[in-house]
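Q:
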Amino acid sequence: MTDLFSLKHILTSPVIRIGDYRKVWISSLFNMMGFAGEQVIVGFLIYDLTGSTAWVGVSLALAFGPMLLFGAPAGVLADRMERRKLLPACEFSIALLLGSYAALVYFSGIHLWMILTVAFVSGSIRAIHSPIRTSYVYDLVGNNHIVSSLGLLNLGIRTGQLVGASLAGLAIKFYGPALAFGLLCFGHLISLAILWNLSNAGRSADFKPSSLSDQFREFGRELITNRSLQLIILITAAIEIFGFSFATALPEIAKTKLDVDASGLGFMHTARAIGGMLAGIVFASSLNLSHRGRIYIAITFGFGAAVAGLGLSPNFTIAVIAIAIIAAMAASTDVLSQSMMQMVVPDHLRGRAMGAWVFAVGIAPVGHIEAGLLSEMVGADIAMIINGTALMITTVLVLLIFPGKLKSL
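The structure is reproduced here in structure tokens:
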């Protein structure tokens, strides 16, 4: 990795001069404000209603479960239709959902089934949005700049996460959930306005689509024969189960171990954003990145160590630092896995490759439910130590089983 933290390389990056890329970057900031704020609000409301971390795990499972259901179809959609038209359609759908929910909460109050429903529907739309956005970014910047462009995009996403988590925590504390959801809706409307007039149709517009069944079969053959693709999917799934599931334990850790309220939980999510932003700066300023596979494995091991460190945190300050490190590791694995997954498949399969990435991320409900149930049995802190250790062990096993394959990534 060269010129680490080079602000000059970030500001003078060739991708900054691409107008549609700038629009996607800014819109992603507002999109993530909505997603991060939604996690804070939903997690806090469910734990407040039920007092159960297991129910928080269920809500996150419902939010990420649709990725398992719709990841592959969304990838096919991204390869069949103009991605510039699909992106604003997703933003409109999320804005309509959150706006409707804000009105529903205001007039009828809060109910558990309503919160779980919005988590599932929002997760379904976001499962479609993710592969479309990432493959569209590749359309705009090409192979040579995909890592730095995704790093820069991640910087915008984490900035939105920071603002969204902070605003949501404060809004629900001082003004209630209806206004909090209304603010999230407004952020998605801004994102919609930014994406409304994208000019680049994307490379998907150049492909002559075959039938849906043929496209699924074509990618199925690629999955069976492409060992590099299989390896990335396997590691991504392990990271989702043992790594990203740490979010399930945050409400319980905040309320019972650290004794903080909704604004404190919001600040913990803000720490996630700060850590992700630092990772984004690193990758955005790294124009020439080699040995991606080895870096990916090293970061995955560090991810597990940081999750275990969260469980061992003795106070709020140490916990926030651990969360920031976790987020940096998480963002790094996202950038590397998304870029490598598109590099190891033919160009016309990139949308479906990102659909496979979303499918792998869709295994997250297993992790969230596991983390929730484990927290109920042994406590959230012990659960984090167990999951972090499991991720580190998984990383060592991958090194032992696929040592040569990592060098080619």
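The numbering of the sequence shown is the working numbering, which starts it at 1318 and goes up by one.
Note that beta-carbon positions come from the ideal geometry of N, C-alpha and C, so glycine has one too.
So Gly-1374 packs on Gly-1621, CB below 8 Å; how close in whole Å?
A: As a first step, residue 1374 must be located in the sequence shown, where it is residue number 57. As a first step, residue 1621 must be located in the sequence shown, where it is residue number 304. Going by Cβ atoms, the distance from Gly-1374 to Gly-1621 rounds to 19 Å, so no, they are not a contact pair.
Q: Answer yes or no: does any C-beta atom of chain D fall closer than 8 Å to that of Ile-1643?
A: Here there is only one protein chain, and chain D is not present.
Q: From which residue to which residue does the alpha helix (DSSP H) around Ile-1505 run?
A: Working through the sequence shown from its first residue, we reach residue 1505 at position 188. The question names Ile, yet the displayed sequence has His at residue 1505. Element bounds for His-1505: 1494-1512.
Q: Ignoring anything shorter than 4 residues or poking outside the segment 1408-1459, list the alpha helix (DSSP H) runs there in chain order.
A: As far as the segment 1408-1459 is concerned, its whole alpha helix (DSSP H) runs of at least 4 residues are 1429-1458.
Q: Just curious, the alpha helix (DSSP H) that Asn-1348 is in, first and last residue?
A: Stepping through the sequence shown from its first residue, residue 1348 is reached at position 31. Counting along the chain, the alpha helix (DSSP H) containing Asn-1348 begins and ends at 1336-1367.
Q: Taking Ala-1497 and Ala-1488 to be in contact with their CB atoms under 8 Å, please state how far apart those CB atoms are, rounded to whole angstroms.
A: The residue labelled residue 1497 in the question sits at position 180 within the sequence shown. The residue labelled residue 1488 in the question sits at position 171 within the sequence shown. Confirmed, Cβ separation roughly 4 Å.
Q: Confirm the yes/no value for this check: CB of Asp-1576, any heavy atom of the ligand GTP, distance under 7 Å.
A: Ligands in the displayed structure: none, and consequently the ligand GTP is not present.
Q: With distances taken between CB atoms, is the gap from Ile-1474 to Met-1657 smaller than 8 Å?
A: Here residue 1474 refers to the residue found at position 157 of the sequence shown. Here residue 1657 refers to the residue found at position 340 of the sequence shown. No, the Cβ-Cβ distance between Ile-1474 and Met-1657 is not below 8 Å.
Q: Looking at the structure shown, is Gly-1679 part of a helix, part of a strand, or coil, going by DSSP?
A: Working through the sequence shown from its first residue, we reach residue 1679 at position 362. Of the three classes helix, strand and coil, the one that applies to Gly-1679 here is coil, per DSSP.
Q: For Met-1318, name the three-state secondary structure that DSSP assigns.
A: For the purposes of this step, residue 1318 is identified with residue 1 of the sequence shown, where counting begins at 1. Note that Met-1318 scores 41 on pLDDT, short of 50, meaning its location in the model is unreliable and no value can be drawn from it.
Q: Does DSSP put Met-1398 in a helix, in a strand, or in coil?
A: Looking up residue 1398 in the sequence shown gives position 81. Of the three classes helix, strand and coil, the one that applies to Met-1398 here is coil, per DSSP.
Q: Kindly confirm or deny that the segment 1552-1569 and the segment 1673-1691 touch, where touching means at least three C-beta pairs closer than 8 Å.
A: Yes, they touch.
Q: Assign Leu-1457 to buried or exposed, taking buried as 16 or more other Cβ atoms, counted over all protein chains shown, within 10 Å of its Cβ.
A: Translated into positions along the sequence shown, residue 1457 becomes position 140. Result: buried.
Q: Looking at C-beta atoms only, is the number of pairs between the segment 1409-1426 and the segment 1363-1378 that lie closer than 8 Å three or more?
A: Result no; under three Cβ-Cβ pairs closer than 8 Å.
Q: Considering only C-alpha positions, which residue in the set Val-1675, Val-1454, Pro-1631 is nearest to Arg-1401?
A: As a first step, residue 1401 is located in the sequence shown; it is residue number 84 there, counting from the start. The option with the nearest alpha carbon to Arg-1401 is Val-1454.
Q: To the nearest angstrom, report how far apart Val-1393 and Met-1671 are at their CA atoms.
A: For this step, residue 1393 is matched to residue 76 along the sequence shown. For this step, residue 1671 is matched to residue 354 along the sequence shown. Each residue's Cα considered, the two are about 10 Å apart.
Q: Do you know offhand how far Phe-1387's Cα is from Val-1652's?
A: Against the sequence shown, residue 1387 aligns to sequence position 70. Against the sequence shown, residue 1652 aligns to sequence position 335. If I take the Cα positions, the gap works out to 21 Å.
Q: Below 8 Å on the Cβ atoms is my contact criterion, and I expect Ala-1353 with His-1586 to pass it. Report the Cβ-Cβ distance as a whole number of Å.
A: Position 36 of the sequence shown holds residue 1353. Position 269 of the sequence shown holds residue 1586. With 8 Å as the limit, Ala-1353 and His-1586 qualify as a contact, their Cβ atoms being about 6 Å apart.
Q: Between Phe-1322 and Ser-1417, what straight-line distance do the alpha-carbon atoms span, to the nearest angstrom?
A: Position 5 of the sequence shown, counted from the first residue, corresponds to residue 1322. Position 100 of the sequence shown, counted from the first residue, corresponds to residue 1417. Only weak support exists for where Phe-1322 lies, its pLDDT of 46 falling under 50; the value from the coordinates is given anyway. Spanning the two alpha carbons is a distance of roughly 42 Å.
Q: From what residue to what residue does the alpha helix (DSSP H) around Asp-1576 run?
A: By 1-based counting over the sequence shown, the position of residue 1576 is 259. It is not in any alpha helix (DSSP H) - Asp-1576 carries neither H nor E in the DSSP assignment.
Q: So, for Phe-1347: in the same chain, excluding its five sequence neighbours on each side, which residues have a beta-carbon less than 8 Å away from its beta-carbon?
A: On the sequence shown, position 30 is the one that residue 1347 refers to. Excluding positions up to five away in sequence, the list reads Gly-1477, Gly-1504, His-1505, Ile-1507, Ser-1508, Ile-1511.
Q: Distance, Cα to Cα, Ile-1638 vs Phe-1561?
A: By one-based count along the sequence shown, residue 1638 stands at place 321. By one-based count along the sequence shown, residue 1561 stands at place 244. Near 16 Å, if we compare the C-alpha coordinates of Phe-1561 and Ile-1638.
Q: Report back the beta-carbon spacing between Thr-1565 and Thr-1370 to the nearest angstrom; my notes put them in contact at under 8 Å.
A: Within the sequence shown, the letter at position 248 stands for residue 1565. Within the sequence shown, the letter at position 53 stands for residue 1370. Indeed they touch by this definition, with Cβ atoms about 6 Å apart.
Q: Should Asn-1632 go down as buried or exposed, given a rule of 16 or more other Cβ atoms within 10 Å for buried?
A: Indexing the sequence shown from 1 puts residue 1632 at position 315. Under this definition Asn-1632 is an exposed residue.
Q: Tell me whether Val-1661 sits in a helix, a strand or coil according to DSSP, three-state version.
A: Mapped onto the sequence shown, residue 1661 falls at position 344. Val-1661 falls in the coil class under three-state DSSP.
Q: Write down the C-beta distance between Thr-1712 and Phe-1618 rounded to the nearest angstrom, noting that I regard them as a contact closer than 8 Å.
A: Numbered from its first residue, the sequence shown carries residue 1712 at position 395. Numbered from its first residue, the sequence shown carries residue 1618 at position 301. About 4 Å; that satisfies the 8 Å criterion.
Q: Can you tell me which of the three DSSP states Pro-1405 falls into?
A: Your numbering for residue 1405 matches position 88 in the sequence shown. If DSSP states are grouped into helix, strand and coil, Pro-1405 belongs with the helices.
Q: DSSP on Gly-1696, reduced to helix/strand/coil?
A: Residue 1696 sits at position 379 when you count from the first residue of the sequence shown. The answer is coil: DSSP assigns Gly-1696 none of H, G, I, E or B.
Q: As a quick exercise: from Leu-1385, Arg-1669, Pro-1405, Ala-1647, pick the residue whose alpha carbon is nearest that of Lys-1340.
A: Locating residue 1340 in the sequence shown gives position 23, where the first residue counts as 1. The residue with the shortest Cα to Cα distance from Lys-1340 is Pro-1405.
Q: Look up Asn-1704 in the DSSP assignment and say whether it is helix, strand or coil.
A: Working through the sequence shown from its first residue, we reach residue 1704 at position 387. Here Asn-1704 sits in helix by DSSP.
Q: Alpha carbon to alpha carbon, what distance is there between Val-1599 and Asp-1320?
A: As a position in the sequence shown, residue 1320 is number 3, starting the count at 1. As a position in the sequence shown, residue 1599 is number 282, starting the count at 1. Here the model assigns Asp-1320 a pLDDT of 46, short of 50, so the residue's position is not dependable and the matter cannot be decided.
Q: Who are the near neighbours of Leu-1716 in its chain, counting only those whose CB is closer than 7 Å to its CB and skipping five residues on each side?
A: On the sequence shown, residue 1716 is found 399 positions in, with the first residue counted as 1. Correct list, in chain order: Ile-1614.
Q: Is Gly-1486 closer than 8 Å to Val-1357 when the C-beta atoms are compared?
A: Taking the first residue of the sequence shown as 1, we reach residue 1357 at position 40. Taking the first residue of the sequence shown as 1, we reach residue 1486 at position 169. Going by C-beta atoms, Val-1357 is nearer than 8 Å to Gly-1486.
Q: Taking only the alpha-carbon atoms, compute the straight-line gap between Phe-1437 and Gly-1351 and give it to the nearest angstrom.
A: As a first step, residue 1437 is located in the sequence shown; it is residue number 120 there, counting from the start. As a first step, residue 1351 is located in the sequence shown; it is residue number 34 there, counting from the start. Approximately 15 Å, taken between the alpha carbons.
Q: Going by CA-CA distance only, name the one from Ile-1702, Leu-1470, Pro-1390, Leu-1627 that's closest to Met-1594.
A: Numbered from 1 along the sequence shown, position 277 holds the residue referred to as residue 1594. Comparing Cα positions, the closest option is Leu-1470.
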